[in-house]
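Chains as they are written, first to last, in my numbering: chain A, -12 to 300; chain B, 412 to 841.
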Amino acid sequence: MLSASDLAKPQIIEVLDLAHEMSDVNEREIKKLPTLRGKTVVNLFFEDSTRTRISFELAAKRLSADVINFAAKGSSVSKGESLKDTAQTLEAMGADAIVLRHGSSGSAYRLAHSGWVQSAVINAGDGSHEHPTQALLDAMTIRQALVTNPIGSDLSGKKVLIVGDISHSRVARSNLILLKALGATVATCGPATLVPRSLEPSGGIFYSLDKAIDEFAPDAVLMLRIQSERMEASFFPTEREYSRVWGMNSERLSRLGDSAIVLHPGPMNRGLEIDAASADSPKSKILDQVQNGVAVRMAVLFHLLAGDKGEKS
Amino acid sequence: MNFILENALDTKGRSVEVVIEGGLIASRKSKDIDHELVDCSGLHVLPGFVDLHTHLREPGFENSETIRTGSMSAAAGGYTAVHAMANTFPVADTAGVVEQVLRIGKQVGLVHVQPIGAVTVGLAGEQLAELGAMHDSAARVRIFSDDGNCVHDPLLMRRALEYVKGFDGIVAQHAQDPRLTKNAQMNEGAISSRLGLAGWPALAEESIIARDIMLTELTASRLHVCHVSTRRSVELIREAKSKGIQVTAEVTAHHLLLTEDLAESYDPVYKVNPPLRKADDVMALREALVDGTIDVIATDHAPHPKESKDTDWASAAFGMIGLEFAYTVAQQVLIDSGASNLERLAEVMSTAPARISGLDRQGKYLLPGSPANLTLVNLGQAWVGEAKTHSKSSNNPYQGLDFKGRVVHTIFDGEFTLKDQTIRGTNTDV
């Protein structure tokens, strides 16, 4: 699982349906399945990401796998050397799957295709490239909220707006691929400095959130986290200006359709890309995303590891 | 040794007998001395190749390449002269370092190693290096370059261009605006957006070339543009030449053959600076090579040890090796394509770089009395690129590619450095 493009539409629906079943496990008193007993999953995180790491950890544990967390950040070896060496070391200890978060685009692809390791590799975010399980959980959340009978369904006819720093966002890239594969129309929105024209979203590009809400009338709005270093690099002038033009607030929220929802991959900058009223409103499905994250990751681990399907994917 | 190369064909396709006596081309064989006869049936004789852009890595980075291994790779690629770039450690920014490089090159003796001097102290872009001292040294440095870095300060670039006029020097610019290419990883465009790799816009090269052309016109000096990689760069140089501005340009073999889509593999063997560009740029570079806008094919041979490439893309070093592949790429682009001829190939691989650098022992071809620096090639030999070459490094993007045409013999100052595709002295002293 390296890219959202690794899955064709029927497989995506299969994973989402499986995740739906898995979420039932999370409702039980004993939240555990024996499926991956004896398998070892390594969370190899070269960047801090407590949420994603915990989500994968919980998913693996609910399937009874052994989990090792390896935070490589700050290690003395240089980044590149430690990716190969660390992955090989962990595999030598018996890892069946490596969940990789790395700051360099393509690192998961490289780990899986360079012959360094034989384990299944799951991309938990590679630089500015992709974050496929995030796209799966976003799709699951959108389907749950907007489709009456979600099981077996795609997202055809749904309109999703992604707002913020598209250029540097792995979440945006994976969502553009996955939501398109599911039949949704996707538009992007943000300052022109952060919205690459070449990604050519099917729903078009908007440089103003107001215009996007009025003209595109999205069913779901995915707000991306804004990194303050983008401001320092002159991608936009100030946080105030960003918030004014591209931030989600109660006024904009009220102009969305009645059934429309707001998503955010977290962690949020409250008051910057999203205000508190929007984040805590009934339209906000941010906590559903967190719940679905565990279910989706259970489904992905199950898909890759159960029944000895441990080949690279 | 004295040789007679029998049954070779020259660049015009005429059968020639080449007599080499005492290291020089002779107009006819002397009766009173013995000659070794070398049958060159089916081979074309060309002037020995001259590379204007080679990273030999010594001193300082001998884990990548040494002057010896780089010279071996050069001889195997048909070169009789290479220009050693200044980004060593210590940097070739003093007479002492350039003389050391020259001396080791002579000791190895496989190829003329002509040092290039740094423009600025430590390649830092702040203060002019002692250009005059390097020129006056035994190395007779004529080309100065901060290659790897751009001389981006316009005032410093102006000063350098003016200063080298005192001894007919040339500034060879690595054209890259550092601000427009911060953290850049590959050509900027749809593919870089999709791959999430920071883009290296063509404009970052073109804007520096445009500025440097104007500075060269202003100072009436001489500019050489390293590794031109975009269509617009070609247009700028074409226009400058039409105005009589003294600018010359080189294109690398890899920019004539490979394109940006190779980055989709995330294999850093394709990571190079300037980056591989679009097919349209490759077309423009090929046209410019044929019409004379681009003067020279250079290698930008840039060896790196395995650990610098056996990583994720962003952590990997920029650069690829090329000395043993430039000829076959040149043949593919100029001859096999039907776009040009062997005379033009000899010009861009030897005569023009020798002239730009002022190397009077190189690029003279079959002129009687001149040093015998010759390369013999088999236009029909089919072969497949192997990862391992004579270079110490294997960051080789040509591995596995099918080629036609290969260097068979290299003769440097009247002696075979490569004979029947075997390097002289590999068994004894390496």
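We treat Cβ as the ideally placed atom computed from N, Cα and C, and that holds for glycine.
Identity of the residue in the options nearest residue i by Cα
i	options	result
B/L614	B/R642, B/I624, B/R605	B/R642
A/M235	A/I192, A/L259, A/S(-8)	A/L259
A/V104	A/A111, A/S94, A/D113	A/S94
B/S603	B/S640, B/V532, B/V662, B/R688	B/R688
B/A699	B/Q538, B/V759, B/H801	B/V759
A/D275	A/V287, A/V249, A/A286	A/V249
A/H100	B/S452, B/E432, B/T722	B/T722
Cut-off 6 Å between Cβ atoms - residues of its own chain near residue i, not counting five sequence neighbours on either side
i	result
A/S156	L211
A/F43	N30, V86, R284
A/A263	R257
A/T73	A59
B/L785	V456, G459, I822
A/H118	G112, R157, V158, S161
B/V841	Unreliable positioning characterises B/V841 in this predicted model, as indicated by a pLDDT of 41, which lies under 50. The coordinate reading is nonetheless provided below. Nothing meets the Cβ criterion.
Proximal residues to residue i (C-beta, below 8 Å), its chain only, five neighbours per side dropped
i	result
B/G577	G543
B/Q657	T627, A631, S632, R633, L634
B/Q743	L668, F814, K815, G816
Reduced DSSP category for residue i - H, G, I as helix; E, B as strand; rest coil
i	result
B/Q810	coil
B/K365	Any question about residue 365 of chain B goes unanswered here, given that chain B covers just 412 to 841.
B/K830	strand
B/N413	coil
A/S63	Note that A/S63 scores a pLDDT of 48, beneath 50, so its modelled location is shaky; the value from the coordinates is reported in the next line. The answer is coil: DSSP assigns A/S63 none of H, G, I, E or B.
B/H546	helix
B/Q518	helix
A/E8	helix
B/I624	helix
A/S154	coil
A/Y229	helix
B/L787	strand
A/L(-11)	coil
A/E298	Because A/E298 sits at a pLDDT of 44, beneath the cut-off of 50, its placement in the model cannot be relied upon, and the point is left open.
B/Y677	coil
Min CB distance residue i to chain B below 8 Å
i	result
A/H290	no
A/S304	Given that chain A is displayed from residue -12 to residue 300, the structure contains no residue 304 of chain A and the question cannot be resolved.
A/L157	Here the sequence assigns Arg to residue 157 of chain A, which means Leu is not the residue at that position. Yes, contact with chain B.
A/R160	yes
A/S221	no
A/K299	Low confidence applies to A/K299: its pLDDT is 40, below 50, so where it sits in the model is not reliable enough to give any reading.
A/H118	no
A/R97	yes
A/L243	no
A/I(-1)	no
A/K71	yes
Counted within 10 angstroms of its Cβ, other Cβ atoms place residue i as buried (16 or more) or exposed
i	result
B/F500	exposed
B/Q843	Summary: the structure shown does not reach residue 843 of chain B, with chain B confined to residues 412 through 841, and so no result is reported for it.
B/T704	buried
B/T465	buried
B/T477	buried
A/P254	exposed
A/R88	buried
A/N162	buried
A/I213	buried
B/N498	buried
B/A793	exposed
A/G25	exposed
A/K272	buried
B/I557	It should be noted that the sequence gives Asp, not Ile, for residue 557 of chain B. So B/D557 counts as buried.
B/T833	exposed
A/I138	exposed
A/M80	exposed
B/N684	buried
B/Q538	exposed
Own chain residues within Cβ distance below 7 Å of residue i, not counting five before or after
i	result
B/L435	G780, S781, P782, A783, G825
A/F289	L5, T22, L50
A/A179	Y194
B/N560	L534, G536, H585
B/G528	A497, A503, D504, V509, A540, L542, M545, V552, F555
CB contact below 8 Å: residue i versus chain A
i	result
B/A601	yes
B/T722	yes
B/Y677	yes
B/G607	yes
Residue i CB to nearest heavy atom of the ligand SAM below 7 Å
i	result
B/W611	The ligand content of the structure shown is nil, which means the ligand SAM is not present either.
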